[in-house]
Structure formats: structure tokens, C-alpha cells
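For reference, the structure is listed below as C-alpha cells.
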Amino acid sequence: GAVVSQHPSWVICKSGTSVKIECRSLDFQATTMFWYRQFPKQSLMLMATSNEGSKATYEQGVEKDKFLINHASLTLSTLTVTSAHPEDSSFYICSARGLAATGELFFGEGSRLTVL
Amino acid sequence: GQQVMQIPQYQHVQEGEDFTTYCNSSTTLSNIQWYKQRPGGHPVFLIQLVKSGEVKKQKRLTFQFGEAKKNSSLHITATQTTDVGTYFCSLPSTGNQFYFGTGTSLTVIP
Numbered sequence: 152g153a154v155v156s157q158h159p160s161w162v163i164c165k166s167g168t169s170v171k172i173e174c175r176s177l178d179f180q181a182t183t184m185f186w187y188r189q190f191p192k193q194s195l196m197l198m199a200t201s202n203e204g205s206k207a208t209y210e211q212g213v214e215k216d217k218f219l220i221n222h223a224s225l226t227l228s229t230l231t232v233t234s235a236h237p238e239d240s241s242f243y244i245c246s247a248r249g250l251a252a253t254g255e256l257f258f259g260e261g262s263r264l265t266v267l
Numbered sequence: 003g004q005q006v007m008q009i010p011q012y013q014h015v016q017e018g019e020d021f022t023t024y025c026n027s028s029t030t031l032s033n034i035q036w037y038k039q040r041p042g043g044h045p046v047f048l049i050q051l052v053k054s055g056e057v058k059k060q061k062r063l064t065f066q067f068g069e070a071k072k073n074s075s076l077h078i079t080a081t082q083t084t085d086v087g088t089y090f091c092s093l094p095s096t097g098n099q100f101y102f103g104t105g106t107s108l109t110v111i112p
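This is the structure we're talking about:
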């Protein structure tokens, strides 16, 4: 199946700093990628849909100035958590839709962010 | 965003027992997908159901799509410790986003 790589796997930062997470589709081109946030033992909450060459579409309640998404190429989407605070600590995971007829999602390994 | 209820939230079974999780939507679905997330891992696609009343099998896993296309189930026969994880249903939206159900966490006791 298709491979999606996410980096970094985990990051610890101080409150007030910004953190960038990269999501790459390694063996296929993804015009659309999705960013999810997952709290411990909870479901995946869709944050935004990243569209190559255009602005991301954010879900209701997600601050677009807080979570900056850039999808500059067909294989790379980035999520930047700006001025991070402890409440932003979470597991962030990206996904891309595969090319198969099922349109299944392929997920990155996830990035665990801890804000001190 | 949209979220769909899955039941049960947690399930502990003895190895060899069966397990079922249900996904219920208030709206008619064009299709539904199922994913499995192992502890500490990322979700992995299991299957997609499209047709009303559709039943698909993958070894010990049986997936069903309701006749009204509003609910779906995943049944595991004779669970094994490798089945441990959280099972999510995923629903596409009209805007091409993918929303996930609340998930059912399965623990298999050896």
C-alpha cells in the first residue's frame, strides 16, 4: 500500500514556541491530505483538509491562525502549531487518500507534541 | 466536525470469544470504511462497504452494512491477542472529508 511519512515522531517544546510537523506521501501524489488530532484513548478529530496549491479547509472550532497548514507540493503538507501552549499537547496525525477505488486513507506514524 | 457513535466504547474478551462493534449514523451513508489502530500505532484501513446490506469477510472478520445504509458492524470470530486495538468506522462527507467514529477499544485476555 501507499506510504505516508510523518516527522517528527515526537517533539517537546516550551510554551510560546512554534512547532512544524511534516507529512509526506512517499510513493504517490496526494492533492489532498487530512490532519487529525487524537487525545489519549479518544477518536481522531479532523482538524483540517489540506489542499495542494490552495488554502486549507478548517473544521469548525479549529483556529486557522493557530494551526497553520501549507500544502506546497503534491507530496508534502506541513502543520505548524504556532505559539504552542500546554493545551496544544496532543497526538497529531496526517493522512492522505490513496489512489485505489476505495479511496482509503493512509496515515502517517503520528507526531506526539508535548508543550511544557 | 461530525462524529458518529460506536458501541461499545470498550470491550474486554477472553481469547477465543467473539467480538462485535457497531457504528450508527443518523444519516444515510454513501459508504463506510473501517480502520484498526493498534496501541501506539496509526490507523490502518481494513475495508470499505458501499452497497446496502453488503457483507464482506476477511478471515475471522465480518463486516456488514445495514440495509438502510445508516449503520454498520464489525464482527470478529474467535478473537486472538493480535486483534487487540481500537476499531474505528469512518464516514465520508459531502465535502470529501473523512470523519471517524468514537471507536471501540478491544482488549483480549489470553
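Listed in order, the protein sequences are those of chains A and B. With positions in the first sequence counted from 1, the corresponding number in our numbering is that position plus 151. With positions in the second sequence counted from 1, the corresponding number in our numbering is that position plus 2. Positions of the beta carbon are idealized from the N, C-alpha and C atoms, including for glycine. Please read these numbers as outputs of a predicted model, since none were measured by experiment.
Neighbour flag for residue i against chain A, beta carbons, 8 Å
i	result
Gln60(B)	no
Ser32(B)	no
His14(B)	no
Thr87(B)	Here residue 87(B) turns out to be Gly, not Thr, going by the sequence shown. Not one chain A Cβ lies under 8 Å of Gly87(B).
Gln82(B)	no
Tyr101(B)	yes
Ser27(B)	no
Gln35(B)	yes
Gln66(B)	no
Under 7 Å by beta carbon: chain A residues contacting residue i
i	result
Phe47(B)	Glu255 and Leu256
Any chain B beta carbon closer than 8 Å to residue i
i	result
Ser194(A)	yes
Thr200(A)	yes
Leu197(A)	yes
Phe218(A)	no
CA nearest to the CA of residue i, picked from the options
i	options	result
Gly43(B)	His236(A), Phe257(A) and Leu230(A)	Phe257(A)
Gln60(B)	Tyr12(B), Phe47(B) and Pro94(B)	Phe47(B)
Thr23(B)	Thr30(B), Tyr37(B) and Ile111(B)	Tyr37(B)
Ser156(A)	Met198(A), Ala247(A) and Gln189(A)	Ala247(A)
Thr64(B)	Pro94(B), Gln13(B), Phe21(B) and Ile111(B)	Phe21(B)
Under 7 Å from the C-beta of residue i: neighbouring residues of chain B
i	result
Ile244(A)	His44
Phe190(A)	Those do not exist, as Phe190(A) stays about 12 Å from chain B at its closest Cβ, beyond 7 Å.
Cross-chain neighbours of residue i in chain A, by beta carbon under 9 Å
i	result
Ser74(B)	By Cβ distance, chain A contributes nothing, its closest Cβ being about 15 Å from Ser74(B), past 9 Å.
Per DSSP, cross-strand counterpart(s) of residue i
i	result
Gly103(B)	Val6(B)
Phe65(B)	Lys58(B) and Leu76(B)
Arg175(A)	Ser156(A) and Leu227(A)
Leu219(A)	Thr231(A)
Contacts that residue i makes with chain B (C-beta to C-beta distance below 8 Å)
i	result
Glu173(A)	By Cβ distance, chain B contributes nothing, its closest Cβ being about 15 Å from Glu173(A), past 8 Å.
Interface residues of chain B facing residue i [CB-CB closer than 9 Å]
i	result
Lys259(A)	Residue identity differs from the one stated: residue 259(A) is Gly in this sequence, not Lys. Residues of chain B passing the Cβ test: His44.
Is the region 163-179 of chain A touching the region 213-229 of chain A in the sense that three or more CB pairs, one from each, lie closer than 8 Å? With the cut-off at 8 Å, the region 213-229 of chain A and the region 163-179 of chain A touch.
Would you check if the region 75-85 of chain B and the region 14-22 of chain B touch, i.e. whether three or more CB-CB distances between them fall below 8 Å? Segments in contact, yes.
Count the C-beta pairs between the region 155-166 of chain A and the region 197-217 of chain A that are closer than 8 Å, then say yes if the count reaches three, no if not. Look at the beta carbons and you see the region 155-166 of chain A not touching the region 197-217 of chain A: under three pairs across the two are nearer than 8 Å.
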